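Number of protein chains: 2
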Amino acid sequence: MGLAKTEIFTDLQNEIAVIAKAFGHPARVAILQHLFKMDTCVCGDLVNEIGLAQPTISQHLKELKLLGLIKGNVEGTSVCYCIDGENWTKMKAIIMQFLDQDISKTDCC
Amino acid sequence: MGLAKTEIFTDLQNEIAVIAKAFGHPARVAILQHLFKMDTCVCGDLVNEIGLAQPTISQHLKELKLLGLIKGNVEGTSVCYCIDGENWTKMKAIIMQFLDQDISKTDCC
DNA sequence: TTTGTTTATTGCAATATTACGATTAATAAA
DNA sequence: TTTATTAATCGTAATATTGCAATAAACAAA
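Protein chains in written order, with full-length UniProt numbering: chain A, 1 to 109; chain B, 1 to 109.
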């Protein structure tokens with residue numbers, strides 16, 4: 001039905017999924033990479049860097065902000081975005097822990 | 001339009017997004033966790049463990065298999081799934097590298 | 001105030017995803 | 001062969017996502 005049955009999963013499972021979903025679109029990956037690469041905070045030139053229309057970028061930024069991965073700061077008419085270091089570290093840890101499970105056992109298939 | 005403009009992004013950006021998308025649903029997270037937890041390969045009891053219908057689980061398994069994260073082995077009437085260790089390690093590395101960018105700079109927002 | 005610049009929001013179309021009932025396919029067992 | 005068991009596939013409904021044109025909102029500068 002296009003709607004995930006979140007209630008049958010653990011909080012952690014849902015949390016991992018929500019975070020992963022944020023990384024699940026190349027535009028958002030590109031935005032995050034760009035915010036990392038730049039020393040200074042980039043603002044709306046993301047629209048120029050990435051080849052998507054301004055409303056589309058704005059929408060992706062909104063999602064990332066809502067999740068807490070980035071922060072936005074109004075500076076005059078433009079908005080300066082950057083990684084939210086604290087939250088990034090937290091979410092990184094959650095994903096890393098999930099990815100870092102042991103596969104010591106020899107493949108059984 | 002519901003369709004990502006993959007052609008304007010780098011291969012790596014698209015790759016990260018595709019892998020992350022696989023983790024972007026709690027059912028697939030649960031399946032992977034279960035396959036890791038079990039010493040032996042679990043098969044269709046994933047349907048019982050997770051509270052989703054058999055066709056739904058089968059569909060999620062298909063996605064994970066298509067991406068290469070898991071392997072399936074027919075054993076009589078049932079199918080035995082397990083993590084594809086080699087691919088898992090590869091994809092883990094890709095995601096880890098993406099997550100592990102430095103946020104040494106003080107927040108600018 | 002008017003004008004320009006930048007970003008957010010709205011509304012909508014196209015496509016994707018999720019979920020499952022019904023069915024099929026494949027194999028094992030009787 | 002018939003029957004049971006298990007998993008895949010098909011078809012479909014409901015919802016989500018992506019993208020953008022048009023517009024609005026917010027602010028700076030003239």
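For glycine and all other residues, C-beta sits at the position ideal for the given N, C-alpha and C. A quick note: this is a predicted structure, and the numbers were derived from the prediction, not measured.
Check	Outcome
Under the three-state DSSP convention, the category residue 85 (chain A) falls into	helix
Interface partners of residue 4 (chain B) on chain A, CB under 9 angstroms	25, 26 and 27
Per-residue contacts from residue 16 (chain B) into chain A (C-beta, under 7 angstroms)	23 and 29
Which of helix, strand or coil DSSP assigns to residue 42 (chain A)	strand
Any chain B beta carbon closer than 8 angstroms to residue 54 (chain A)	no
Meets three-Cβ-pair contact criterion under 8 angstroms: the segment 23-43 of chain B and the segment 56-67 of chain B	yes
Counted within 10 angstroms of its Cβ, other Cβ atoms place residue 90 (chain B) as buried (16 or more) or exposed	exposed
Pick from A:7, A:44 and A:98 that is closest to residue 76 (chain A), judged by C-alpha positions	A:44
8 angstroms Cβ cutoff, residue 8 (chain B) in contact with chain A	yes
When B:86, B:101 and B:82 are compared against residue 36 (chain B), the one with the closest alpha-carbon	B:82
Three-state secondary structure (DSSP) of residue 128 (chain A)	This structure gives no information on residue 128 (chain A), because the portion of chain A shown stretches from 1 to 109.
Chain-order list of residues whose beta-carbon lies under 7 angstroms from that of residue 87 (chain B) (same chain, five-residue window excluded)	68 and 69
Pairwise C-alpha distance: residue 27 (chain B) and residue 71 (chain B)	17 angstroms
Opposing strand residues paired with residue 73 (chain B) [DSSP bridges]	B:80
Alpha-carbon to alpha-carbon, residue 38 (chain B) and residue 3 (chain A)	28 angstroms
Within 8 angstroms, strictly: CB atoms of residue 23 (chain B) and residue 17 (chain A)	yes
Contacts that residue 99 (chain B) makes with chain A (C-beta to C-beta distance below 8 angstroms)	92, 95 and 96
8 angstroms Cβ cutoff met for residue 42 (chain B) and residue 57 (chain B)	no
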